[in-house]
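**Q** Questions regarding the structure given below will be posed in turn.
Written out as C-alpha cells, the structure is:
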C-alpha cells in the first residue's frame, strides 16, 4: 500500500474527530481545570523553601513512588515508544527495556545515599565536600541543560497530540499549542511548587495506568488474547514480514546503526540515575527508608506500564498501515492515539472518538505533569544553587530564593517553547534518549565519584560536568538528529559530521574519564574528613535534613 499524502491523513484524522470535537475539548478542559485547582490548593500551603522545593518532605513512600512514576512515564513512554515499536518492531521495543532496567541503577546506587546527603538539589551533595561556588554553578548549569533537552520531547509530543485532535494542520497552529503547554507549565510551578507538582503527577499516573490498561485490554481482546496472532498480524501488516519481529530493522542495517544501538542502550540504562527531575523526588520523603520504598513502588508501577507499551506498539502496527502512521506524524508519535481510535470502531464511531479523546487527554495530562516536574527541577537548581549560594553567597532569604525560582521558571518556559516549536516533528522517545545521554555524561559520573571516591576533587567535578555536558551537546548538534536526514530538526541543512544519533557511547565514558583525570591532576588536597562525614551520612542517614 502506498502511503497517503500527509495532508490527506491529517485532514482525515481531523474529520474523524470533528463530529466529537465538543467531547474532546470538554475532556481536555476538565483535566486542565482540575489540575489548576490542585495547583492553587497546594500553592496556598506552600509557605517555605522546603515546601516549594521538597513539598515539606510530607509524602509517603507510596505517594512518592506514584509521583516518580508520573514523572518518569512521559510523552516519550506513551507516544514515542508505541510509535517506535509500530514502525520498527523489535528495535523500537528496546526503548521499553532500557527505560525499565535503568531503574535498577537508580535504586542500587543513587536513591538512598542522595536522600541522606542532600537537601534540595544535586548541587547540595557536591558542595558538601568541595568548593561551593564553582560546583554549584556547574551543577545548576547541567541541571538546566538536561531539563531543557527533556522538555523538548514533551513539547514536541504536546504539539503533535493536540494538533491531531483539533484538526490543526498549520505549523503556526502547532507552535501555538506548544506555547499553550509552556504557559500552563509556568503556572503550575510558580503557583504550586513541589506540592502542587507532586499531586498533579500522582493524579496523572493513575490516569495513565488506567488508560493504558484499557487500550491494552481492548487490543488483546481484538486478537482473542492470542499474543502470537497479534505479533503475526503486526509483522504482515508492517510490510516487513518476519524481519519486523527480529533485531536489525532500525539498528542493524550498517555498522554505524549497530554502534547507535549500543550508544542508545548505555544512555538509557545509565541516564535515569542522573536525571534532575527524578533526583529531586528523593527529597520529598521524610526518610531514606521512604526514599527506597518509593523507588520500589515506582519500579512495580513503571514495570507494568512498559510491558503494556509493547502491546500498544505492536497493536498499532497490527491495526494500522505504516503509511497511515508516518503520514499523521513522521516520527510515529500518533500511533497510540490512532490505535485507540481504530480499536474503538474507527473515526465514524462514537466509541472510537471517545477512546481517542480519553487516551489523548491522558497523554496531554502526562505531558503537563512531566513538564512541571522538569521545570521545577531546573528552577530549583538555579534559585538554590546559582542564585542563593553563588550570586548571593549564601545570604539570600527564603523569600528571595523562592522569587528567583519563580522568575527562572518563566525564563526556562520561554526557552523550551522556542526549542519545542523546532523539535515538533522528531520522535519524542529519541529526544528523551538524548536527555538521558546528557544526564549520564555530566551528572552521573560526578554524583558517583562524589559519593564513593575519597580522592575526588573540585577540579574533577568541574571537568566531569562541563566536559560531559559539552561533549554530549556538541555531538548531538553535529549528529543526524539536527541535520542531514528527512527526519532531522533541520532536514535541508547538512552538518552531521558525527554519524551516531545518540552521543552516549562517546560522551558517557568521557565524563567518567575527565572526572578521574581532573582529580588526579588537581593540586587541591581532598578533604578526607569531609568525605568520611559524607560517607557516614549517605549510608546511615545520620544528620540528614
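Residue numbers (our numbering): 5 to 549. Where a beta carbon is used, it is the ideal one built from N, C-alpha and C, also for glycine. All values derive from a computational prediction rather than experimental measurement.
Using only CA atoms, which one of 466, 534 and 541 lies nearest to residue 133?
**A** Locating residue 133 in the chain shown gives position 129, where the first residue counts as 1. For the residues 466, 534 and 541, the minimum Cα distance to residue 133 belongs to 534.
**Q** For residue 10, which three-state DSSP category applies?
**A** Position 6 of the chain shown, counting from 1, holds the residue named residue 10. Confidence at residue 10 is low in this model, with a pLDDT of 37, below 50, so the placement of that residue is unreliable and no value is reported for it.
**Q** Closest by CA to residue 330, which one among 200, 490 and 440?
**A** Taking the chain shown and counting its residues from 1, one reaches residue 330 at position 326. Nearest of 200, 490 and 440 to residue 330, Cα basis: 490.
**Q** Taking its Cβ as the centre, do 16 or more other Cβ atoms sit within 10 Å of residue 92, making it buried, or is it exposed?
**A** One-based indexing of the chain shown puts residue 92 at position 88. Under this definition residue 92 is a buried residue.
**Q** Which residue from 415, 388 and 417 puts its Cα closest to that of residue 403?
**A** Working through the chain shown from its first residue, we reach residue 403 at position 399. Out of 415, 388 and 417, 388 has the C-alpha closest to the C-alpha of residue 403.
**Q** Beta-carbon within less than 6 Å of residue 260's beta-carbon, same chain only, minus the 5 sequence neighbours each way: which residues are those?
**A** Position 256 of the chain shown, counted from the start, is the residue given in the question as residue 260. Here the set comprises 503.
**Q** Report the rounded CA-to-CA distance for residue 18 versus residue 183, giving the unit in angstroms.
**A** Start at 1 with the first residue of the chain shown, and residue 18 comes out as number 14. Start at 1 with the first residue of the chain shown, and residue 183 comes out as number 179. Any answer about residue 18 is weak, because its pLDDT of 47 lies below 50 and its placement is not dependable; what the coordinates show is given next. Rounded to the nearest angstrom, the two C-alpha atoms are 21 Å apart.
**Q** For residue 99 and residue 250, which I take to be in contact (beta-carbon distance under 8 Å), what is that distance rounded to the nearest angstrom?
**A** Position 95 of the chain shown, counted from the start, is the residue given in the question as residue 99. Position 246 of the chain shown, counted from the start, is the residue given in the question as residue 250. Their Cβ separation, rounded to whole angstroms, is 17 Å, which puts residue 99 and residue 250 out of contact at 8 Å.
**Q** Unbroken beta strand (DSSP E) runs of length 3 or more, entirely within the stretch 150-189: which are they?
**A** Fully enclosed beta strand (DSSP E) runs of 3 or longer: not present.
**Q** Which residue from 314, 65 and 406 puts its Cα closest to that of residue 88?
**A** Within the chain shown, the letter at position 84 stands for residue 88. Closest option to residue 88, Cα to Cα, is 314.
**Q** Please report the Cβ distance between residue 75 and residue 205, rounded to the nearest whole angstrom; I am assuming they are in contact, meaning their Cβ atoms lie under 8 Å.
**A** Here the question's residue 75 lines up with position 71 in the chain shown. Here the question's residue 205 lines up with position 201 in the chain shown. That belief holds up - the Cβ atoms of residue 75 and residue 205 are roughly 5 Å apart, short of 8 Å.
**Q** Which runs of the alpha helix (DSSP H) at least 4 residues long sit entirely within the stretch 339-372? Give them in chain order.
**A** Correct list: 339-347.
**Q** I'd like to know whether the C-beta atoms of residue 512 and residue 271 end up nearer to each other than 9 Å.
**A** Along the chain shown, one-based indexing puts residue 512 at 508. Along the chain shown, one-based indexing puts residue 271 at 267. Yes; because the gap between Cβ atoms is below 9 Å, this pair is in contact.
**Q** Can you tell which of 293, 316 and 471 has the C-alpha that lies nearest to the C-alpha of residue 338?
**A** On the chain shown, residue 338 is found 334 positions in, with the first residue counted as 1. The option with the nearest alpha carbon to residue 338 is 316.
**Q** What did DSSP end up calling residue 460 once you bin it into helix, strand or coil?
**A** Locating residue 460 in the chain shown gives position 456, counting from the first residue. It is coil, neither helix nor strand.
**Q** Where are the alpha helix (DSSP H) runs, 4 residues long or more, that stay fully inside the stretch 224-250, in chain order?
**A** The stretch 224-250 contains these whole alpha helix (DSSP H) runs: 231-242.
**Q** Under 8 Å, with one C-beta from each stretch per pair, do the stretch 207-215 and the stretch 364-378 reach the 3-pair mark?
**A** Yes, they touch.
**Q** How about residue 509 and residue 467: do their beta carbons lie closer than 9 Å?
**A** The residue labelled residue 509 in the question sits at position 505 within the chain shown. The residue labelled residue 467 in the question sits at position 463 within the chain shown. No, these two residues do not count as a Cβ contact at 9 Å.
**Q** Note down the Cα distance separating residue 444 from residue 536, rounded to an integer number of angstroms.
**A** What you label residue 444 is simply residue 440 of the chain shown in a count that begins at 1. What you label residue 536 is simply residue 532 of the chain shown in a count that begins at 1. Each residue's alpha carbon lies about 26 Å from the other.
**Q** Per DSSP, which residues does residue 63 bridge with? Please list them.
**A** As a first step, residue 63 is located in the chain shown; it is residue number 59 there, counting from the start. Answer is none; residue 63 lacks a bridge partner.
**Q** Looking at the structure shown, is residue 386 part of a helix, part of a strand, or coil, going by DSSP?
**A** Mapped onto the chain shown, residue 386 falls at position 382. Of the three classes helix, strand and coil, the one that applies to residue 386 here is helix, per DSSP.
**Q** Based on DSSP bridge pairs, tell me the residues matched to residue 487.
**A** By 1-based counting over the chain shown, the position of residue 487 is 483. Paired residue(s): 494.
**Q** Evaluate the contact criterion for the stretch 407-414 versus the stretch 186-197: three or more CB pairs, one atom per stretch, below 8 Å.
**A** As far as the Cβ criterion goes, the stretch 407-414 touches the stretch 186-197, which means the pair count is three or higher.
**Q** Quick check on the DSSP output: what are the complete alpha helix (DSSP H) runs of length 4 or more inside the stretch 262-342, in order along the chain?
**A** DSSP runs (the alpha helix (DSSP H)) wholly in the stretch 262-342: 280-283, 292-323 and 326-332.
**Q** Could you have a look at residue 49 and say whether DSSP puts it in helix, strand or coil?
**A** Here residue 49 corresponds to residue number 45 of the chain shown, with the count starting at 1. The answer is coil: DSSP assigns residue 49 none of H, G, I, E or B.
**Q** I want to see whether chain B comes within less than 9 Å of residue 289, judged by CB atoms only; does it?
**A** Reference to chain B is not applicable here, since this structure consists of a single protein chain.
**Q** Which residue from 346, 320 and 295 puts its Cα closest to that of residue 336?
**A** Numbered from 1 along the chain shown, position 332 holds the residue referred to as residue 336. Taking only the C-alpha atoms, the option nearest residue 336 is 320.
**Q** Return the chain-ordered list of same chain residues with a C-beta closer than 6 Å to the C-beta of residue 11, the five sequence neighbours on each side being excluded.
**A** Along the chain shown, one-based indexing puts residue 11 at 7. Interpretation of residue 11 is limited by its pLDDT of 37, a score under 50 that renders its predicted location unreliable; no figure is taken from the coordinates.
**Q** Check residue 506 in the structure and name its three-state DSSP category.
**A** In the chain shown, the residue the question calls residue 506 occupies position 502. The answer is coil: DSSP assigns residue 506 none of H, G, I, E or B.
**Q** In angstroms with no decimal places, state the Cα-to-Cα distance between residue 495 and residue 175.
**A** Indexing the chain shown from 1 puts residue 495 at position 491. Indexing the chain shown from 1 puts residue 175 at position 171. Approximately 16 Å between the Cα atoms of the pair.
**Q** In whole angstroms, give me the CA-to-CA distance for residue 217 and residue 83.
**A** Mapped onto the chain shown, residue 217 falls at position 213. Mapped onto the chain shown, residue 83 falls at position 79. Looking at the two C-alpha atoms, the distance is approximately 15 Å.
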